[in-house]
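The numbering used here applies: residue 595 is where the sequence shown begins, and numbers increase by one.
Down below is the structure, laid out as structure tokens.
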Amino acid sequence: MQFYIPMVVASTILYCTLLIIIYRQLKKEKKDIPSKLKKILNLDSAAVSLITLLICGLLSLVTYNVAALNPLKRVLDDFSMTDIYSHILHGNGAHEVSNDIVIVDMTSQTKRTDLARTIRNIAKCEPKVTVLDIIFENPTYFEEDTAIIGAIDELDTMVLASKLINYDPETEEFKSMRVSFFLDEDRNNWGYGNTTAGDQSNYIREYTTWQKCKGKVIYSMPYLAACLYQGVAPKKEETVFTQILYNDKDFLIIPADSVLQRAKFLKDRIVYLGAMHEEADMHFTPIGKLAGVKEQAFATQTILEHKTIRRMSTPTCIIFTFFLCYISTIIVGRIRRRATAFDTKLSERHPAMFPMDLQLDRVRRVVNIYYLLLPVLLVFVSFVLFVIFGYVVQLLLPLAGIALCETVKYYYICFKPVVLNFKK
């Protein structure tokens, strides 16, 4: 957000500079500016678009910095077109069960001896990767702790849970991490369960593949599990944040006391051990409230299916919004002129049905239809781009620009003569 206003100003200055260069070059060659070029290169439309973006930027800064408006910020942050796609996939009720991931639910097991027995049973089923979404923070009784340590040692390939804490925005690193009391930071078979760096959002839509903690690269639990399952070495990806695709697949949930009876479903698969019905570990997602272990499973499934979800960057979104507002002002201007001319003819032919004193309202309705259909078209196009190409278009800023564009244009037309007379 700190680069928002400078980016808008820089792009607009560049655009206006190009307009001036083209205009002077045409004048220098003693050629008239073509009428079509005049319609496209419009300084007033560029000014309106710039003001609209600046207002959106100021509103964003206010919601980010004024505590009373923080709920508004959170609502705006929780807007995403991918939610519609996820709801459509899960709304049909027919879900394919994943052939790669199985979840073992240990909600009912509170004693570490019971958990140790479950872990040993999982090891007997010969899974390819076992992910323990549990952190044993403090030691209890010697027998229970010994049982847990011994059970974990029986696992061949595993990912042990940790949590990165004390995030420093300035260095973009975590200062410390939380692991089970019997583990140390030098072990390379644990991954963090944090979905985002700051854990600030209400909805969980993405996870990180890696983070830095005290200068060391740490890999996330779903990413590390997918790498071990595929037999590839984890590496530092260029994109830290990755979209979770809540697709039409679901996962087989096996109770902790039924592991051996369903051993065939665990063999050669990724087995997540975690609590499915613990309120403290429940989170909001685009498809409803899910347990943390199931979110991790969806993230791992996204990696296994090699579905890369690309998100529109902030600079691209700003440029897209600028030209969307710019083009809209030009199109609306032409619509208003055409509608006015057409309505004038109707008033001359049928004065009783189309009185002149109501012409302004009728033209305004035509313009409102345009601003009503434009967001619908944007939503449809962005939905197609996401489904076919896996590209997420950030619609919040463009929709805000469309909503403000006509109002900004009205005040711009009102105050422009005042400013010009003041300069004289």
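Don't be surprised by glycine CBs; every beta carbon is placed ideally from N, CA and C.
Discussion item. If we require 4 or more residues per run, which alpha helix (DSSP H) segments fall completely within the region 955–995?
Written reply: Here no run is fully enclosed.
Item checked: Under 8 Å between C-beta atoms of Val926 and Val698 -> Annotated as distal: Val926 and Val698, with beta-carbon spacing of 8 Å or more.
> Which of the three DSSP states, helix, strand or coil, is assigned to Lys1003?
Replying inline: helix
Could you tell me the distance, in whole angstroms, from the CA atom of Pro721 to the CA atom of Gly995? 52 Å
Measure the beta-carbon distance from Tyr1006 to Ala640 and round it to whole angstroms, keeping in mind my assumption that it falls under 8 Å. Rounded, the Cβ-Cβ distance is 11 Å, inconsistent with contact.
Exercise. Determine the direct distance from the alpha carbon of Gly651 to that of Lys667, and round the result to whole angstroms.
Key: Only weak support exists for where Lys667 lies, its pLDDT of 49 falling under 50; the value from the coordinates is given anyway. Their Cα atoms are separated by approximately 13 Å.
Distance between beta carbons of Thr707 and Glu738, contact taken as under 8 Å:
With a Cβ gap of about 5 Å, Glu738 and Thr707 count as contacting.
The beta strand (DSSP E) that contains Ser770, what's its start and end? Where Ser770 is concerned, the enclosing beta strand (DSSP E) stretches over 767–772.
Residues near Leu860 in its chain [Cβ-Cβ closer than 6 Å; skip 5 each side]
Val696, Cys719, Pro721
- [ ] Take every Cβ of the region 973–980, pair it with every Cβ of the region 942–959, and state whether three or more of those distances are shorter than 8 Å.
- [x] The answer is no - the region 942–959 does not touch the region 973–980, with fewer than three Cβ pairs under 8 Å.
What's the gap between the Cα of Val753 and the Cα of Val987? 34 Å
Worksheet item: Is Cys1008 helix, strand or coil by DSSP?
Response: Note: Cys1008 maps to helix in three-state DSSP.
Counting only runs that start and end within the region 689–745, where is the beta strand (DSSP E) found for 3 or more residues in a row? You should have 690–699, 723–726.
Exercise for review: State the Cα-Cα distance for the pair Phe914 and Gly787, rounded to the nearest angstrom.
Suggested key: 35 Å
- Considering only the beta carbon of each residue, do Thr701 and Met870 sit closer than 8 Å? yes
- Query: Going by alpha carbons, who is nearest to Lys806 out of Val725, Tyr797, Glu942, Met771?
  - Reply: Met771
Under the DSSP definition of a beta bridge, which residues are partnered with Arg904?
-> When beta bridges are read from the DSSP output, Arg904 appears opposite Tyr985.
**Study point:** 8 Å Cβ cutoff met for Ala893 and Tyr964
**Key:** It is not a contact, given that the beta carbons lie outside the stated cut-off.
Item to complete: Can you check DSSP and say which residues form a bridge with Pro849?
Response: For Pro849, which the question treats as bridged, DSSP gives the partners Asp699.
- request: Determine the DSSP secondary structure at Met870, reduced to helix, strand or coil.
  value: coil
DSSP three-state assignment for Gly809, whether helix, strand or coil
Gly809: coil per DSSP, three-state reduction.
Local conformation of Lys757 per DSSP, three classes: strand
For Phe736, the nearest candidate out of Gln837, Ala933, Phe983, Phe776 (CA to CA) = Phe776
- Message: Within 10 Å of its beta-carbon, does Gly886 have 16 or more other beta-carbons around it, so buried, or fewer, so exposed?
- Response: buried
Note to self: Please tell me whether Ile912 and Leu647 are closer than 8 Å, where the distance is taken between their beta carbons.
What the structure shows: yes
Of the listed residues Leu940, Ile929, Lys939, Arg905, nearest to Leu989 (C-alpha basis) = A check of alpha carbon separations from Leu989 across Leu940, Ile929, Lys939, Arg905 identifies Arg905 as the nearest.
- Query: Ends of the alpha helix (DSSP H) at Ala885?
  - Reply: Element bounds for Ala885: not the alpha helix (DSSP H) but the beta strand (DSSP E), 882–885.
Can you give me the C-alpha to C-alpha distance between Ile929 and Ala820, rounded to a whole angstrom? Looking at the two C-alpha atoms, the distance is approximately 54 Å.
* So what's Gly927 in DSSP terms, helix, strand or just coil? -> helix
For Gln855, count the other beta carbons within 10 Å of its own beta carbon; 16 or more makes it buried, fewer makes it exposed. Which is it?
In this structure Gln855 is exposed. Its beta-carbon is surrounded by fewer than 16 other beta-carbon atoms within 10 angstroms.
Which two residues bound the contiguous beta strand (DSSP E) that contains Tyr823?
Unbroken run through Tyr823 is the alpha helix (DSSP H), 815–824; no beta strand (DSSP E).
DSSP-derived helix/strand/coil call for Glu942: helix
* State the DSSP-derived secondary structure class of Gly651, mapped to helix, strand or coil. => helix
Endpoints, beta strand (DSSP E) assigned at Phe878:
876–879
State yes or no: is the C-beta of Tyr866 within less than 8 Å of the C-beta of Ala891?
A contact, by the Cβ cut-off of 8 Å.
Could you give the C-beta distance for Tyr797 and Thr734, rounded to a whole number, given that I count them as a contact under 8 Å?
-> Tyr797 to Thr734, Cβ: 35 Å. No contact.
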